[in-house]
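See below for the structure under consideration.
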């Protein structure tokens, strides 16, 4: 792994400190509700940040010279849709079966929504693994385990997005092929 610049190291430390602070400050009567509060805070923070980026972007993502190519964005959207489908199915399952139901429904939804169209993208297996790991964090028993698993899943998802961005096979000088 290449050495980080000072600014990236600072950002990494800042993000890690922010995640830890959010987790420590989360309110809840039980460890589970505390964790749910933490996830909700983090989710809403990410939504606000991504919304600000979207509002201030000059061009649609598909037209950007830098960023994730449009076909990869479509695949990411399909993975997100599969996650939502699987999470909905798992919510109805008994507690001990939630992850098994999630994993089965997720695998089925991925197959149905993508039809194997993503097989040539290196980032997809890592992203799928991160999604499953993130869901596993929600069903872990101890809050400390939930936090550690969630942090690992987030790191894995970020790394997958970096791989998606690095996929230059679809890139052209003026933008990306759709």
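Residue numbers (UniProt numbering): 1 to 178.
Don't be surprised by glycine CBs; every beta carbon is placed ideally from N, CA and C.
Option in the options with minimal Cα separation from residue i
| i | options | result |
| --- | --- | --- |
| residue 165 | 145, 134, 121 | 121 |
| residue 98 | 115, 155, 38, 141 | 141 |
| residue 132 | 103, 82, 163 | 103 |
| residue 128 | 137, 148, 157 | 157 |
| residue 29 | 143, 147, 42 | 143 |
| residue 101 | 86, 114, 112 | 86 |
| residue 113 | 81, 89, 154 | 81 |
| residue 77 | 43, 149, 110, 145 | 110 |
| residue 123 | 72, 155, 83 | 72 |
| residue 84 | 69, 46, 24, 108 | 108 |
| residue 90 | 116, 70, 135 | 135 |
| residue 182 | 79, 46, 20 | Because the chain here runs from 1 to 178, residue 182 falls outside it and cannot be looked at. |
Cβ-based neighbour list, residue i, same chain, cut-off 6 angstroms, excluding 5 preceding and 5 following
| i | result |
| --- | --- |
| residue 18 | none |
| residue 162 | none |
| residue 26 | 34, 37, 38 |
| residue 93 | 101 |
| residue 139 | 98, 99 |
| residue 31 | 143 |
Same chain only: Cβ atoms within 7 angstroms of residue i, ignoring 5 sequence neighbours per side
| i | result |
| --- | --- |
| residue 152 | 133 |
| residue 172 | Caution is warranted here: a pLDDT of 35 is assigned to residue 172, below 50, making its placement in the model unreliable, and no coordinate value can be reported. |
| residue 15 | none |
| residue 22 | 38, 41, 42 |
| residue 137 | 146, 149, 150, 153 |
| residue 160 | 123, 126, 127, 130 |
| residue 88 | none |
| residue 105 | 85, 86, 89, 90 |
Own chain residues within Cβ distance below 8 angstroms of residue i, not counting five before or after
| i | result |
| --- | --- |
| residue 125 | none |
Length-filtered (4 minimum) alpha helix (DSSP H) runs lying within the region 65–136: 70–91, 98–114
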